[in-house]
Amino acid sequence: MPPIQGLAAHAAGAELLPFRYDPGELGPAEVEIAITHCGVCHSDIHLISNDWGISQYPFIPGHEVIGKVSEAGSAVKSLKAGDRVGLGWQANSCGECEWCTRGMENLCALSEPTCVHRHGGYADRIRANARFVIPIPEALESEHAAPLLCGGITVYNPLRLHGVNPASRVGVVGIGGLGHLGIQFASKFGYQVAAIGHGQESAALAKKLGASVYIDNKVTNAADELQKLGGAKVILATAPSSKSMSEVINGLGPNGKLMVIGAAFEPIEVTPVQLITGSRTIQGWASGIPTDAEDTLRFAQLTGIRPMIETYPLEKAAEAYTRMMSGNAQFRVVLTM
1 MPPIQGLAAH AAGAELLPFR YDPGELGPAE VEIAITHCGV CHSDIHLISN DWGISQYPFI
61 PGHEVIGKVS EAGSAVKSLK AGDRVGLGWQ ANSCGECEWC TRGMENLCAL SEPTCVHRHG
121 GYADRIRANA RFVIPIPEAL ESEHAAPLLC GGITVYNPLR LHGVNPASRV GVVGIGGLGH
181 LGIQFASKFG YQVAAIGHGQ ESAALAKKLG ASVYIDNKVT NAADELQKLG GAKVILATAP
241 SSKSMSEVIN GLGPNGKLMV IGAAFEPIEV TPVQLITGSR TIQGWASGIP TDAEDTLRFA
301 QLTGIRPMIE TYPLEKAAEA YTRMMSGNAQ FRVVLTM
C-alpha cells in the first residue's frame, strides 16, 4: 500500500508543507477514501494554530472530505469501492458508551475528530470508521457538498431539533461561512429570518439568501430590533464574537434560545435576570451524527441550498488557508485534488 500524501502543519501556526505517512493495514471496520474535494473550515485554522490546545504535530488538517471509496474493510457491508462518500468532523467513536448506544456518538468521550491526533483531508486519501462515512446524494455537486459536512450540519441541526415552528422568528448573527448557510436553512424551513450583520454592505446579500429582515448592528441595537419583531425563538450565534452574542440575548422572546455556534474564546456576558426574564436559555452545539449529515445533504439537495464557495487546487492550500485567515473568502474555501 503506497503512503498517503498531503500537506501538514509541522508546528503551531506553521506553513503547510508536503508530508506523507504509512496508514498501515486497513482495519476491518474502516474504509479508505480517495479524496476529490476537502473544505477549508475555520476549525482547521484553530487546529493549525493550536488555539484549542489539542493539536499534535505534524498533522494534516481537513474534515470536510468528499471522495470515492477506494477500499473497504472486511466487516464493511454498507459501502463498496467506487461509492461517492463524505466524511465530516468525526471519524470514529468507542461505539459502546451511553452516548454511542443512544445514537449521540458526537458526545462520546473517546470521539476521534477527523484531524485531531490523526491525519485529515488535505491529502490524496484518508481512512475512517465506515459508520462515519456517508453517501452523497447524486444531484449534489462534490464542491458544494464538502462545506455542508461541517458548516451545514452545524446550522441545520439546531434549527430542526429545538421546537422552532414554521413562521417562528429566527435571528442569525453573522453573515459569513456559517451565517450565510444558517440564513438559507432557516428560510427554507419557513421561518421569519432576521439576519444581523455589521454594515449595510451585507444587506442585499442577506435578502438574497432568504432573510426577511436585515439588522445592521453597526448603527442600531440588534436586541431592540428583534423585540420590535416580537422576539426571536432561536438566535444562531455564528460569528466568533462573544461580544455580539452578549448583545443579542435581550432579543430572545419567551422560551427563546441562544444557540452558540461560533467558536469564540472570551466569556459571554449575561446576568441571571436576563435568563430568568422570559425563561431564556443559552446552549452550545456540537455538530451532529452521520445520519444528521445525511439529512443535511438531502435537505440541501431538495431545496437548492448551496454554500458560496471559492475553489483552490490542493497544491495551493497555503494560499487558500491565507485567504480564509484574511476573512475575505466568500464564504467557504474548497480544495480540489
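Take the sequence shown: its letter number 47 is residue 47 in our numbering, and every next letter is one higher. Note that CB positions come from ideal geometry on N, CA and C, so glycine has one too. Because the structure is a prediction, the values reported are computed rather than measured.
In this structure, the beta-carbon distance from I48 to L87 does not fall below 8 Å.
Rounded to the nearest angstrom, the gap between the Cα atoms of Q330 and E310 is 7 Å. DSSP places V273 in the uninterrupted alpha helix (DSSP H) bounded by P272 to I276. In the pairwise beta carbon analysis, the stretch 228-242 is classified as touching the stretch 164-178: at least three pairs are separated by under 8 Å. A Cβ-Cβ separation of about 18 Å leaves I33 out of contact with V116 under the 8 Å criterion. Of I4, A204 and C38, the smallest CA-CA separation from E25 is found for I4. Under the DSSP assignment, L140 falls outside any beta strand (DSSP E); it carries neither an H nor an E label. A straight-line Cα-Cα distance of about 14 Å links K207 and G174. Using a 10 angstroms sphere on the CB of M324, the tally of other CB atoms reaches 16 or more, which defines it as buried. Residue pairing of R332 in beta bridges, as defined by DSSP: I309. The beta carbon of D22 lies closer than 7 Å to those of P3 in the same chain, with the five residues before and after it left out.
Burial check for N255: the Cβ neighbour count within 10 Å stays below 16, so the residue is exposed. Burial check for K77: the Cβ neighbour count within 10 Å stays below 16, so the residue is exposed.
For secondary structure counted as the beta strand (DSSP E) over 3 or more consecutive residues, the stretch 28-94 holds these complete runs in sequence order: 30-40, 65-72, 84-87 and 90-92.
Per the coordinates, the alpha-carbon of E315 lies some 30 Å from the alpha-carbon of Q301.
Residue pairing of K257 in beta bridges, as defined by DSSP: V234 and T281. The stretch 166-217 is shown to contain whole alpha helix (DSSP H) runs of 4 or more residues at 179-188 and 203-209, in chain order. Partner residues in the beta bridge of L7, as assigned by DSSP, are P18. If you draw a straight line from the Cα of G182 to the Cα of S111, it comes to about 26 Å.
Between I136 and D292, the gap from beta carbon to beta carbon reaches 8 Å or more.
The three-state secondary structure of N250, taken from DSSP, is helix. DSSP lists E30 as the beta-bridge partner residues of N129. About 29 Å separates the beta carbon of I289 from that of V270, a gap too long to meet the 8 Å contact definition. Taken through DSSP and simplified to helix, strand or coil, I268 comes out as coil.
For the set S43, C100 and W285, the Cα lying nearest the Cα of P158 is the one of W285.
For the 8 Å CB-CB criterion, H37 and L297 do not form a contact. Residue range A222 to K228 is occupied by the alpha helix (DSSP H) that includes L226. In this structure, the straight-line span from the alpha carbon of I282 to that of G27 is close to 41 Å.
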